[in-house]
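Below: one structure, written as structure tokens.
Protein chains: 2
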Amino acid sequence: MLTVDEALAEILRSVRPLPAVCTSLGDALGLVLAEEVISETDSPPFDKSLMDGYAIRTTDVVDGAATLKVIEEITAGFVPTKTLGPGEATRIMTGAPIPGGADAVVRIEETEFDADSGTVQLRSSSLAAGANLMRRGTAMKWGEGVLPVGRELRPQELGALAEMGQHEVAVIRRPSVAVLATGDELVPIHQTPDHGQIRNSNETMLAAQIRRSGGEPVCLGIARDEQSHLREKISVGLQSDVLVLSGGVSAGKLDLVPAELEAVGVRQIFHKVHIKPGKPVWFGVLDPSREDSSTAETRRRYVFGLPGNPVSSMVCFELFARSAIRRLMGLEEAAPRPVRARLGEEYLARGDRPTYHPARLDWNDAGPVVCPVNWHGSADLRATVKANAMALFPAGDAKYAAGEILDVYRWD
Amino acid sequence: MLTVDEALAEILRSVRPLPAVCTSLGDALGLVLAEEVISETDSPPFDKSLMDGYAIRTTDVVDGAATLKVIEEITAGFVPTKTLGPGEATRIMTGAPIPGGADAVVRIEETEFDADSGTVQLRSSSLAAGANLMRRGTAMKWGEGVLPVGRELRPQELGALAEMGQHEVAVIRRPSVAVLATGDELVPIHQTPDHGQIRNSNETMLAAQIRRSGGEPVCLGIARDEQSHLREKISVGLQSDVLVLSGGVSAGKLDLVPAELEAVGVRQIFHKVHIKPGKPVWFGVLDPSREDSSTAETRRRYVFGLPGNPVSSMVCFELFARSAIRRLMGLEEAAPRPVRARLGEEYLARGDRPTYHPARLDWNDAGPVVCPVNWHGSADLRATVKANAMALFPAGDAKYAAGEILDVYRWD
Numbered sequence: 478m479l480t481v482d483e484a485l486a487e488i489l490r491s492v493r494p495l496p497a498v499c500t501s502l503g504d505a506l507g508l509v510l511a512e513e514v515i516s517e518t519d520s521p522p523f524d525k526s527l528m529d530g531y532a533i534r535t536t537d538v539v540d541g542a543a544t545l546k547v548i549e550e551i552t553a554g555f556v557p558t559k560t561l562g563p564g565e566a567t568r569i570m571t572g573a574p575i576p577g578g579a580d581a582v583v584r585i586e587e588t589e590f591d592a593d594s595g596t597v598q599l600r601s602s603s604l605a606a607g608a609n610l611m612r613r614g615t616a617m618k619w620g621e622g623v624l625p626v627g628r629e630l631r632p633q634e635l636g637a638l639a640e641m642g643q644h645e646v647a648v649i650r651r652p653s654v655a656v657l658a659t660g661d662e663l664v665p666i667h668q669t670p671d672h673g674q675i676r677n678s679n680e681t682m683l684a685a686q687i688r689r690s691g692g693e694p695v696c697l698g699i700a701r702d703e704q705s706h707l708r709e710k711i712s713v714g715l716q717s718d719v720l721v722l723s724g725g726v727s728a729g730k731l732d733l734v735p736a737e738l739e740a741v742g743v744r745q746i747f748h749k750v751h752i753k754p755g756k757p758v759w760f761g762v763l764d765p766s767r768e769d770s771s772t773a774e775t776r777r778r779y780v781f782g783l784p785g786n787p788v789s790s791m792v793c794f795e796l797f798a799r800s801a802i803r804r805l806m807g808l809e810e811a812a813p814r815p816v817r818a819r820l821g822e823e824y825l826a827r828g829d830r831p832t833y834h835p836a837r838l839d840w841n842d843a844g845p846v847v848c849p850v851n852w853h854g855s856a857d858l859r860a861t862v863k864a865n866a867m868a869l870f871p872a873g874d875a876k877y878a879a880g881e882i883l884d885v886y887r888w889d
Numbered sequence: 478m479l480t481v482d483e484a485l486a487e488i489l490r491s492v493r494p495l496p497a498v499c500t501s502l503g504d505a506l507g508l509v510l511a512e513e514v515i516s517e518t519d520s521p522p523f524d525k526s527l528m529d530g531y532a533i534r535t536t537d538v539v540d541g542a543a544t545l546k547v548i549e550e551i552t553a554g555f556v557p558t559k560t561l562g563p564g565e566a567t568r569i570m571t572g573a574p575i576p577g578g579a580d581a582v583v584r585i586e587e588t589e590f591d592a593d594s595g596t597v598q599l600r601s602s603s604l605a606a607g608a609n610l611m612r613r614g615t616a617m618k619w620g621e622g623v624l625p626v627g628r629e630l631r632p633q634e635l636g637a638l639a640e641m642g643q644h645e646v647a648v649i650r651r652p653s654v655a656v657l658a659t660g661d662e663l664v665p666i667h668q669t670p671d672h673g674q675i676r677n678s679n680e681t682m683l684a685a686q687i688r689r690s691g692g693e694p695v696c697l698g699i700a701r702d703e704q705s706h707l708r709e710k711i712s713v714g715l716q717s718d719v720l721v722l723s724g725g726v727s728a729g730k731l732d733l734v735p736a737e738l739e740a741v742g743v744r745q746i747f748h749k750v751h752i753k754p755g756k757p758v759w760f761g762v763l764d765p766s767r768e769d770s771s772t773a774e775t776r777r778r779y780v781f782g783l784p785g786n787p788v789s790s791m792v793c794f795e796l797f798a799r800s801a802i803r804r805l806m807g808l809e810e811a812a813p814r815p816v817r818a819r820l821g822e823e824y825l826a827r828g829d830r831p832t833y834h835p836a837r838l839d840w841n842d843a844g845p846v847v848c849p850v851n852w853h854g855s856a857d858l859r860a861t862v863k864a865n866a867m868a869l870f871p872a873g874d875a876k877y878a879a880g881e882i883l884d885v886y887r888w889d
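As you go down the protein sequences, you meet chains D and B in turn. Here my numbering is used: the first residue of the first sequence is 478, the next is one more, and so on. Here my numbering is used: the first residue of the second sequence is 478, the next is one more, and so on.
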């Protein structure tokens, strides 16, 4: 049976990023760059004032004081027409280009303008060449690499792209991820279950997890524990980039999922991982057939069979399916990254497998602190709403003292 | 001039959460509950098996061993029809209801079925009453409060709501947030700037920040530094819940924003905060007029005038506008919460105001470590793409040693 790390390595080895598409900046938040971005501009594009005040020549200033003739006023969006000579100043606004001859800007608060004489008096405490202005190309030079391939686009990257005029950008497209819950005990969530039945809560939960991971969920409803119905639903699911099933992967008589997946050509990469909850988790890939090669369907598809209990589904999604989605989106760091946190209280861990236990991660002045929440196992989704993370306890029964360091995986 | 904390307190005092709407679970991710959720169901709704195996009576088992007659097989979705008597067992699947008389489930791996005699042999290492089953109502009881008002809906809350059959939920609606950049130096991002002009990158950046904060951005383009044009754009912006302007709030001659806002009835709450970058930031509210009281427009609107330099806009949005959006959405903890991180290297801080400096926050085994990135001030957006956080340096020139503790605000 694979360890979690081995399973993650198999997933990341199997998953190839999706193709690039061209997207407007307004739709690119959270997507990943498919091409390096080279600046086609200097930033700022001209020597620019960082303050409202007066552009001056520092050689005119003695002990921070000077009286200068105001020869022009430049507002933002307009350009200076006069070069400063000795004893001259130009009134300037934030963002406006610096006139020729000037080498500093004095802030308006440190000046007094005399309208009668058309002069300005400076009283500046500290003034050196370059004060309160920004030289052309200081932040970014034409031809310079600004954003690398694989960079996730956050507000600041989008702002930088907009500044450079790159109003469309090559990104990896968002993966479509189908969700299919299996099991004769399931009814749709708006329906009242009979005795022995439960609502299909996994679809709602997994669709939200998919959206939070960056994927586009496609909800396929419930597949009965019956071969032809399951196969039909699976074939619809395989039209998406990823198919996530829940249920039907453990040792029960009606656990048909692995066999049906293999019957339609999905190649098993692994089945069962040394983990609690979620041991029966299944992963496979479907490679395009030769006949498909002339069509658009030439991409590889990925299938996760998650165990049906809600916490097992949730945990296996966060560890495995999310990592695949992130890699499909082009993120280099696709696997979950733990925070090292101190255990807030003594804890008795039990289990023959490494356990990802719902927990609360908080911060105090000494750093992150984690406390496991009361949890009744893989069917107890209620415990997860009290939690914001999962704490990893290694396999084996052991008493952990308060203050011991654990790996913790954030859920929010 | 207000401190950042005072400004935040003014914002949170002024902002009232938006009204509730009823939303399907599929659209509720990231929204906030407007009503407490009381469970209308027990979870699990019946005593349920957590494993595939056999339901048994522990009194029949001696030293983990027994040979029992198999009287029935229950698959998930079906219900037991027979009560176990002494010496009897029922084959059961994960999730199925436990038959009467049974008090534990033995895992299939610890059993051997003999088809000829219709009996099953158990060899279980540890078996106590209650093993591998979950009693009705263990996770959640009918009538119990499960999710409080103000709870943000994550995948697990949505899953819990689905389990209870609450397929629609009362949430605070998503605020609409208009973005209006001001300044004659600005051109749209697809246009090539003339000398002295720059592209309106703030709209793209702020729209992404709004979306990430949970708001719905409404982009209004560029307002010229001219009274009637600005006033017309402002009146459109005031149709949204929040109006975020950039530029036009500092001391320049064409900084018309505060006056125009007050002219249309927006009441100033504060102008200028003791912060770098972003000192000129402006905040005000518009209360509905009496004539509006019969219409839908009876809600308060909120206006932020952010300084025009991109890093000033970005930082003031993260501190102030985002806090207002989060409070509008009903989140109790609306203001940004710092992480306490060790400075990774010696740093010389300069400035007469508390400085929010673009920085990289990373983690090592000892906890969070922060390093300021090279930054040329409020016009240098490029610096922020190398950063994932802002480090707060108190006012005053000072040399900080590596290892000193700083408050750091995450951007991702």
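Glycine residues also receive a C-beta, built at the ideal position from the N, C-alpha and C atoms.
For the set B:697, B:665, B:709, B:642, the Cα lying nearest the Cα of residue 677 of chain D is the one of B:642.
By the Cβ-count criterion, residue 602 of chain B is exposed, with fewer than 16 other Cβ atoms from all chains shown falling within 10 Å of its own Cβ. Cα atoms of residue 862 of chain B and residue 786 of chain B: separation of roughly 15 Å, rounded to the nearest angstrom.
Scanning chain D for C-beta atoms nearer than 9 Å to the C-beta of residue 862 of chain B yields 623, 624, 628, 631, 633, 634, 636, 637, reported in chain order. The Cβ neighbour count for residue 834 of chain D, taken over all protein chains shown within 10 Å, is at least 16; the residue is labelled buried.
Of the residues assessed, residue 806 of chain B falls on the buried side of the cut-off, its CB having 16 or more other CB atoms within 10 angstroms.
For the region 504-536 of chain B, the beta-carbon criterion of a distance under 8 Å to any beta-carbon of chain D is satisfied by 506, 520, 521, 522, 523, 525, 527, 529. Sequence-distant Cβ neighbours of residue 766 of chain D in its own chain, meaning closer than 8 Å and more than five residues away, are 742.
Judged by pairs of C-beta atoms under 8 Å, the region 685-705 of chain D does not touch the region 750-767 of chain D, as fewer than three such pairs exist.
DSSP places residue 550 of chain B in the uninterrupted beta strand (DSSP E) bounded by 542-551. Counting every other CB atom within 10 Å of its CB across the protein chains shown gives residue 611 of chain B a total of 16 or more, marking it as buried.
Between residue 575 of chain B and residue 592 of chain B, the alpha-carbon positions lie close to 22 Å from each other.
Neighbours of residue 686 of chain B across chain D, judged by C-beta separation under 8 Å: 632. For residue 870 of chain D, no CB of chain B lies under 9 Å from its own CB, so it is not counted at the interface with that chain. When DSSP assignments are scanned along the region 806-869 of chain B, the uninterrupted stretches of alpha helix (DSSP H) that are 4 or more residues long and fall wholly within it turn out to be 859-862. Taking 9 Å as the threshold, the shortest C-beta distance from residue 889 of chain D to chain B falls below it.
The straight-line gap separating the alpha-carbon atoms of residue 853 of chain B and residue 654 of chain D is approximately 43 Å. The region 829-845 of chain B and the region 813-825 of chain D touch, with three or more beta-carbon pairs separated by less than 8 Å. Between the alpha carbons of residue 675 of chain D and residue 569 of chain B lies a gap of roughly 16 Å.
In this structure, residue 481 of chain B lies near residue 752 of chain B, with their beta-carbon atoms less than 9 Å apart.
Nearest to residue 784 of chain D by alpha-carbon distance, out of D:726, D:745, D:830, is D:726. Across the structure, residue 822 of chain B and residue 836 of chain B are spaced so that their CA atoms are roughly 12 Å apart. For residue 681 of chain B, the uninterrupted alpha helix (DSSP H) segment begins and ends at 678-690. Secondary structure at residue 585 of chain D: helix, using DSSP grouped into helix, strand and coil.
Residue 536 of chain B carries a helical assignment under DSSP once its states are collapsed to helix, strand and coil.
Rounded to the nearest angstrom, the Cβ distance from residue 530 of chain B to residue 545 of chain B is 12 Å, too far for a contact under 8 Å. Comparing alpha-carbon positions, the option among D:719, D:578, D:829 lying closest to residue 478 of chain D turns out to be D:829. Note that the C-beta distance between residue 888 of chain D and residue 865 of chain D is below 9 Å. Distance from the CA atom of residue 799 of chain D to the CA atom of residue 808 of chain B, rounded to whole angstroms, is 27 Å. Here the region 790-799 of chain D does not lie against the region 637-652 of chain D, with fewer than 3 beta-carbon pairs under 8 Å apart.
When DSSP states are grouped into helix, strand and coil, residue 617 of chain B belongs to the strand group. Rounded to the nearest whole angstrom, the CA to CA distance from residue 523 of chain D to residue 577 of chain D is 11 Å. In the same chain as residue 761 of chain D, and ignoring 5 residues on each side of it, the C-beta atoms closer than 7 Å to its own belong to 738, 743, 744, 745, 746, 780, in chain order. In the displayed model, residue 606 of chain D falls within coil according to three-state DSSP, outside both helix and strand. In the structure shown, the three-state DSSP call for residue 508 of chain D is coil. Distance from the CA atom of residue 719 of chain D to the CA atom of residue 778 of chain D, rounded to whole angstroms, is 6 Å.
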